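Enquirer:
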Ligand code: PBE
């Protein structure tokens with residue numbers, strides 16, 4: 019019941035996502051930092067986590083999930099981040115575009131476009147919400163690009179066309195990255211004449227793929243903390259093109275109806 023300690027209410031479980039996600043590593047650190055040794059971090063996927071969250075909210079039940087912003091779940095539900103005074107999840111994060119070394123010389127158009135690409139959390143949110151409302155991701159990206167031509171022009175202005183040249187972008191099926199990767203693919207194809215493969219993989223292979231040249235780039239690197247270990251491991255073979263979205267956040271998220279405000283309160 020809601021008068022039980024929060025641990026008992028949720029069976030000492032935190033609903034996580036795919037094992038390779040940076041937020042899983044940060045959550046294991048939070049479990050250590052806050053002395054939550056009797057808690058379990060449940061592995062799954064981005065889609066399974068949001069399905070579990072939806073069900074709990076439908077039944078007004080307690081639940082703790084690994085969450086991040088931008089994410090459609092904050093527009094759909096009344097949610098809050100648990101405070102993280104020990105900063106297990108770092109501070110403000112950024113999403114960076116990472117390219118393979120050599121792309122700059124070998125494909126200056128793709129490189130320059132990727133270097134220019136940056137947008138806001140509200141803009142990414144528009145595509146995420148459209149997909150959540152049932153739009154096919156490619157169609158949602160196309161709609162967005164067509165209704166934001168000024169933005170698309172800023173990213174593509176003056177670049178020469180590629181005439182069917184192939185380009186591969188690696189990404190993970192996180193809702194935020196489904197939105198960004200589909201948009202970048204659409205713009206590269208429709209405005210710059212590329213044939214783009216969006217290679218959906220796990221978090222580790224997203225980085226190794228770019229490092230070994232199987233992919234040309236990714237727009238899905240969360241730094242400085244979330245993907246710090248992947249970056250450290252492969253950075254010699256990668257080039258950081260800088261942030262494409264600033265002020266993103268990761269942490270533990272609960273429905274606002276739960277009577278808990280800080281990770282510190284999870285300890286029984
Ligand atoms: N995320 C969304 C990813 C990065 C993008 C926060 C779930 C992660 O934890 O690795």
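Numbering (mature numbering (1 follows the signal peptide of the UniProt record, and there is no 0)), first residue to last: 19 to 286.
Cβ atoms here follow ideal geometry from the backbone N, Cα and C, with glycine treated the same way.
Here the structure is a predicted model, which is why all the values come from computation and not from measurement.
#1: Can you name, in chain order, every residue of its own chain whose Cβ lies under 7 Å from the Cβ of residue 142, other than the five neighbours on each side?
#2: Taking 7 Å as the cut-off, does the CB of residue 86 come closer than this to any heavy atom belonging to the ligand PBE?
#3: Going straight from the alpha carbon of residue 202 to that of residue 233, what length do you get?
#4: In this structure, how does DSSP classify residue 28 when only helix, strand and coil are distinguished?
#5: Give the range of the alpha helix (DSSP H) segment to which residue 248 is assigned.
#6: At a cut of 8 Å, does the segment 239 to 252 reach the segment 200 to 218 through at least three beta carbon pairs?
#7: Answer yes or no: the CB of residue 61 versus the heavy atoms of the ligand PBE, is any distance below 7 Å?
#8: At a cut-off of 7 Å, is residue 283 close to the ligand PBE when judged by its beta-carbon and the heavy atoms of the ligand?
#9: Less than 6 Å between C-beta atoms, sequence neighbours within five positions excluded: which residues of the same chain meet that for residue 49?
#10: I'd like to check one pair, residue 113 with residue 266: are the Cβ atoms closer than 8 Å?
#11: Out of 275, 261, 270, point me to the one whose CA is closest to residue 139's CA.
#12: What does residue 114 pair with, by DSSP beta-bridge criteria?
#13: In three-state terms, what does DSSP make of residue 85?
#14: Taking 7 Å as the cut-off, is the C-beta of residue 174 nearer than that to any heavy atom in the ligand NAP?
#15: Under a three-way DSSP split, which group does residue 189 fall into?
#16: What three-state label does DSSP hand residue 180 in the structure shown?
#17: Taking only the alpha-carbon atoms, compute the straight-line gap between residue 105 and residue 269 and give it to the nearest angstrom.
Expert: Result, derived from the coordinates:
#1: 88, 194, 197, 198, 263
#2: yes
#3: 14 Å
#4: coil
#5: 246 to 252
#6: no
#7: no
#8: no
#9: Apart from the 5 residues on each side of it in sequence, residue 49 sits with its Cβ closer than 6 Å to the Cβ of 57 in its chain, given in chain order.
#10: yes
#11: 261
#12: Bridge partners of residue 114: 239, 261.
#13: strand
#14: Questions concerning the ligand NAP fall outside what the structure shown contains, since the ligands it does hold are the ligand PBE.
#15: strand
#16: coil
#17: 10 Å
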